[in-house]
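Visitor: In order, the protein sequence lines correspond to chains A and B. Note that the first sequence covers residues 1 to 334 in this note's numbering. Note that the second sequence covers residues 335 to 861 in this note's numbering.
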Amino acid sequence: MASLPLHKRARNALLFGEAGVLPGLFLLLIVLLVLTQPRFLAGTNIVNVLRNASFLIIAASGQMLVLIVGGFDLSIGAAIALTSVVSASVMAGLPGAGVHGAFVISGLGVLAGLGCGLAVGLANAVSVAVLRVPPFMATLGTMSVANGIGLLLTNGIPVYGMPDSYVAVVGRAIVFGLPIALYAAVIVVVALWGVLNLTRVGRYIYASGGNIQAAAVSGIGTRLMLVTAYVLSSLLGSLTGLLLTAEIGSGQATTGESLMLESLAAAVLGGVSLRGGVGRVELVALGAIFLLTLTNAMDLMRVDTRLQMIVLGCVLAFAVSTEVLGRRRQAVRV
Amino acid sequence: MMARAAIALPTDLRAGEKSVAARPVERSTLLEMTGISRRFPGVLALDGVDFELRHGEVHALFGENGAGKSTLINIIAGTFPPDAGEMRYRGEPVTDLTPHRARLIGISPVFQEFSLVPDLTVEQNLFLGHEKVAFGLLDRKAMRQAAREIIIRLGFDLQPERKVRDLSRAHQQMVEIAKALLTDVHLLILDEPTASLTDAEAGRLFDLMGRLKANGVGIIYVSHRMAEIRRLADRITVLRDGRKVATVGTADVTDTALIEMMTGRTAGALFPAIRRPSGSETLFGVEQLTLADGSVKNASVTVRAGEVVGIAGLVGCGKSELIRAAFGLEKIVGGIVRCRGRELHGLTPKAALAAGICYFPSDRVAEGLALSRAVRENISMAALDNAAFARGPVLRLAGERFQAQRIADKLRLRPPRIEQRVLNLSGGNRQKVVLARAMTRDLDVFLFDEPTVGIDVGAKVEVYELIKELAERGAAVIVVSSELPEVMNLSHRLYVMHRARVVAELQGAEISEQRVLAHFFADSRHG
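1) Beta-carbon of R132(A) versus every beta-carbon of chain B: anything under 8 angstroms?
2) Against chain B, does T322(A) count as a neighbour if the rule is that its beta carbon must be under 8 angstroms from one of theirs?
3) Excluding the 5 residues flanking R337(A) on each side, which residues of the same chain have their C-beta closer than 7 angstroms to its C-beta?
4) May I have the straight-line CA-CA distance separating F461(B) from H389(B), to the nearest angstrom?
5) Can you confirm whether L347(B), when its beta carbon is compared against all beta carbons of chain A, has any partner nearer than 8 angstroms?
6) Checking 8 angstroms against the spacing of the C-beta atoms, do L67(A) and V120(A) come in under that value?
7) Between G544(B), R710(B), G537(B), which lies nearest to L522(B) when the distance is taken from Cα to Cα?
8) Suppose you measure from the CA of L501(B) to the CA of L283(A); what does that come to, to the nearest Å?
9) Here's a check: name, in chain order, each residue in its chain whose Cβ is nearer than 7 angstroms to the Cβ of V31(A), leaving out the five neighbours to either side.
10) When you compare each of G177(A), I149(A), L65(A), L140(A) to V85(A) by their alpha carbons, which one comes out closest?
11) State yes or no: is the beta carbon of Q213(A) nearer than 8 angstroms to at least one beta carbon in chain B?
12) Out of curiosity, what's the CA-to-CA distance linking L604(B) and L131(A)?
13) If distances are taken between C-alpha atoms only, which option among C314(A), F103(A), Q252(A), R280(A) comes closest to M64(A)?
14) With a threshold of 8 angstroms between beta carbons, is A724(B) in contact with chain A?
15) Using a Cβ-Cβ cutoff of less than 7 angstroms, which residues in the same chain neighbour F661(B) once the five nearest sequence positions on both sides are dropped?
16) I need the straight-line Cα distance from E817(B) to G808(B), nearest angstrom please.
17) Return the bridge partner residues of Q841(B) from the DSSP annotation.
18) Look at G552(B) and V813(B) and say whether their C-beta atoms are less than 8 angstroms apart.
19) Residues in its own chain within less than 7 angstroms of A355(B) by CB, not counting five upstream and five downstream?
20) Should V728(B) be flagged as near chain A, meaning a C-beta pair shorter than 8 angstroms?
21) Contact criterion: CB-CB distance below 8 angstroms. Does V201(A) meet it with respect to chain B?
22) In terms of residue numbering, what span does the alpha helix (DSSP H) encompassing P23(A) cover?
23) So, is the C-beta of E655(B) closer than 8 angstroms to a C-beta in chain A?
24) I think A401(B) touches L573(B), with their Cβ atoms under 8 angstroms apart; what is that distance to the nearest whole Å?
25) Run through DSSP, which three-state label would C673(B) get?
26) Identify the contact partners of S825(B) in chain A, using a Cβ-Cβ distance below 8 angstroms as the criterion.
27) Quick one, are the C-beta atoms of R710(B) and E734(B) less than 8 angstroms apart?
28) Check Y423(B) in the structure and name its three-state DSSP category.
29) Find the residues of chain A that neighbour S816(B), judging by a C-beta separation of less than 9 angstroms, and give them in chain order.
30) Per DSSP, what are the beta-bridge partners of R372(B) in this structure?
31) Taking the alpha-carbon positions, what's the E426(B) to R748(B) distance?
32) List, in chain order, every chain A residue whose beta-carbon is nearer than 7 angstroms to that of A716(B).
33) Considering only their Cβ atoms, is the gap separating L623(B) from K665(B) smaller than 8 angstroms?
34) My output table needs one value for V498(B): the three-state DSSP class, helix, strand or coil.
35) Which residues share a DSSP beta bridge with A625(B)?
36) With a threshold of 8 angstroms between beta carbons, is L307(A) in contact with chain B?
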């Protein structure tokens, strides 16, 4: 295709680039909020939005990895829930087993939680990369299993008894005015950005999602890339689960229930292609912040929760359709 | 021989046929297009093009990829309207054409991209959109009957009840053609129809075209294959950059003149002369190679440094599988792959690349490119373990950009922007991105699998130049191709494969079309 005139290229970049309509929408939302809702700019409100966004950013980053390699991770919410239940149970149970010291107990609990993430991720990875089960079915299966285990362990009753210091530090500490979860999210985004853009593994992940055959012909171990993406996704889910559990102060089998759908929404809003090969973590983070800001805006405007769901659905459909439309324009046959 | 009256035609055309037979010289105009223009975002695909098609004429469209051939046939088929210009069909002005209305008035296109639903059967696909109905229900019996009839008439070996998914590409192509001929056809559009057919199947298609022609059907034929155009076309219209260069009678023009018209530059000989290798060191080879799926049996092939070795053979003879196995893409059950005297066992693409072997797949979209990623990333894809591109696990982005741009410029990538997605490139330029990998790392064995399939002559010449350059630099090159002139003219030595085995090895002056063809059909009882 011949090179486009400059103004058209600029318009395409603004509207239909990898970022899609997200930056524009986000800017519009912020301007509207600043003009009409003075409470939005209050320090506590902003911190709250960012805190809630942090959990979504971490989970959506994991979801993004799996989307890039051409899959889906329906089990990410279940990984969060299982981590919550198991880590809380371990922390609550250890003193009775003769283990003492808040630091040791917390550490073992965290390891147990991450172990759950690892197990879920490996189960997904083996199903998809080795047994070649379609990702949708594979992760649906692990989702059901993980949810079942969580409920079985707790009978649906919240697990209390984590060390107070763990809840106080990981869940509720404020450093330089910002919650710990936000720092964790920033670290995750920066680290993933680095891995995806600066390292061979990152490039291989994009290549495997872009065209798995071409990647294999290029000498890339595509199976390993799939495994990496699925395991990292579940581990990031696990991290989200640990942070949420600490914040709530108890382990619950319903923790992170809504995060599976929200993580998909944030990733797609951030321009991640559902066909694989395309996705940028910084835009996914922006997508997550946008979703939470929108929710916050509607809360401030006292919009009915049920109506909020409808609005969120419409925004998501709009964002995806503009992305698809932009693709179609690019792919015009000459 | 098949019955001549077999192809259904409306009665008025049959009457027309008689009058044509009486006055065979002047054929009346079927389609006339004047001043057709069409703009796409950022590109003027057609610019004031005139085109005329007569009854009973085969009119070839010739031009490089992106010259406007596809746009023109899409306008005729009603896929999208022209922005400007007039179109008259059988004397009547045509406006607001849609694909559906085009079919109703007898315009049938067969595009390169198939319009078939994989999970439906051949028969269901044939009647898709115009199913036969009796009392409001599908009339399966009638459709089965009609499907069988058309298949028998065409002489295709197709089973109506099979799913299209299970068919080979060649058979899918046959379904596509049968679908186009199911309705009453006055104007048939064939876009690269022989790309996936064997010679015998293509021959049957050509016979059919002859019969349609005799019945007064006008045929627009798009192909890159000079020999076919020579054989079939009455007239040729050459397009370049969206403009018509000329319409010429096939008999009045030479191949060289056609290529010059198409590329807009003086073409030297199509095939470069490649210097004979001086040394005799065997760089690469396979010995007694046998594959798990039986597609190659006891095959031995060697290449010396600086030598270009061709492998010719019919579709399905195992020639592609042989080099794919040598790159670790097919399962080997017997024999040895040897590179620089070292035996390679448990070969994988990664190990092959590390040993200096590079394979260029024939299906660029399926196996060569990540379309959604940038040109730069596609170029460096196979070389990221190389010091020029990465320091340990960390990429050297500046170095990568520099190398990719250098290689893209050298291969004359158009447009030369390395950050654009491969999706936006034409076929020839996509091939250049795949070939660019040859220059990203230290490699000395190059395996080309159908290197010029589906690309235009201009891009072909550039591919041949690359092969010449690689060989003269001392690399060992194997070219596998179904285009006989290509392997015959490029190769210093030529192997012929037939039914999974290497049946001949020809050198220098021994390489001739007769000899090669003789081996193609040596022990074949059909074909």
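C-beta: ideal position from N, C-alpha, C; glycine also. Because the structure is a prediction, the values reported are computed rather than measured.
Guide: Looking at the atomic coordinates:
1) no
2) no
3) Nothing can be reported for residue 337(A), as the shown portion of chain A is limited to 1 through 334.
4) 27 angstroms
5) Because the pLDDT at L347(B) is just 38, under 50, the model does not fix this residue reliably, and the value given afterwards should be weighed accordingly. Not an interface residue.
6) no
7) G544(B)
8) 43 angstroms
9) none
10) I149(A)
11) yes
12) 49 angstroms
13) R280(A)
14) yes
15) P683, A686, I691, Y693, L781
16) 25 angstroms
17) R827(B)
18) no
19) Reliability fails at A355(B), whose pLDDT of 38 lies under 50, so the model's placement of it is uncertain and no value is given.
20) yes
21) yes
22) 22-36
23) no
24) 4 angstroms
25) strand
26) The contacting residues do not exist; S825(B) stays about 24 angstroms from chain A at best.
27) yes
28) strand
29) Residues of chain A passing the Cβ test: none, with the nearest at roughly 20 angstroms.
30) L380(B)
31) 41 angstroms
32) S218, G219
33) no
34) helix
35) It is worth fixing the name first, because residue 625(B) is Leu in this sequence and not Ala. In DSSP, L625(B) forms a bridge with I666(B).
36) no
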